[in-house]
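In the numbering used here, the protein residues as written are 156 to 366. The C-beta atom is built at its ideal place from N, Cα and C for all residues, glycine as well. This report concerns only the one structure given below.
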């Protein structure tokens, strides 16, 4: 029996992939937020949660969400835990946003280069970046860096974070939001835009070949 094999490698190279962590070497990889434990089922529930986060009065400047991993010698985790903060590509990034807390990153790869469909390109509007190397070499103190941010800027960033909450939630699959776009909605919109752009590109190629 003869087996016919068709090489679709060129099509596979154009295939869009959604993943928890995208690869910088694969331009068609698009990261999507980790799933959290919040699955609102209506626009009202989303607004209610956002309002609740606005009313929260924070008594702590910053905190760490994670566990010690002593076997990871090259990780900045131990130093961060000593000072408190957050690490690279963790679900707690989105837990932080859901809690109305400003996320603190130590590498642009944590979010800035990942969640292009869900987080703004104006990174400083909703987060703080402290270089990982400065933390590991004790050049900076996380607490001192954060304490120097004026309260007015903290309030503006917190409001931005709260507005981002719908972008990082997966609503209850048995329901549908009427006015709010959740994570899945943004993924579908992003994929559709990507496919439309690819179709236009392929159409232009066809015109050039005909010429």
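- Rounded to whole angstroms, the gap between the alpha carbons of residue 257 and residue 359 is 44 Å.
- Inclusion of residue 280 and residue 315 in the CB contact set at 8 Å is warranted, their separation being smaller than that value.
- The segment 286-296 makes no contact with the segment 304-323: fewer than 3 CB pairs, one atom from each, lie closer than 8 Å.
- Rounded to whole angstroms, the gap between the alpha carbons of residue 338 and residue 344 is 10 Å.
- For residue 186, the enclosing beta strand (DSSP E) starts and ends at 184-186.
- Counting only unbroken stretches of 4 or more residues, the alpha helix (DSSP H) elements lying wholly within the segment 257-318 are 287-291 and 297-302, in sequence order.
- For residue 248, the enclosing alpha helix (DSSP H) begins and ends at 247-253.
- When DSSP states are grouped into helix, strand and coil, residue 191 belongs to the coil group.
- Within a 10 Å sphere around the beta-carbon of residue 287 sit 16 or more other beta-carbons, which makes this residue buried.
- Its Cα nearest to that of residue 201, the residue 332 stands out among 354, 332 and 248.
- DSSP, read as helix, strand or coil, puts residue 338 in helix.
- Listed in chain order, the non-local C-beta contacts of residue 335 below 7 Å within the same chain comprise 198, 201 and 321, local neighbours out to five positions each way being set aside.
- Counted as a single uninterrupted DSSP element, the beta strand (DSSP E) harbouring residue 172 occupies residues 172-174.
- The C-alpha of residue 187 is placed about 18 Å away from the C-alpha of residue 169.
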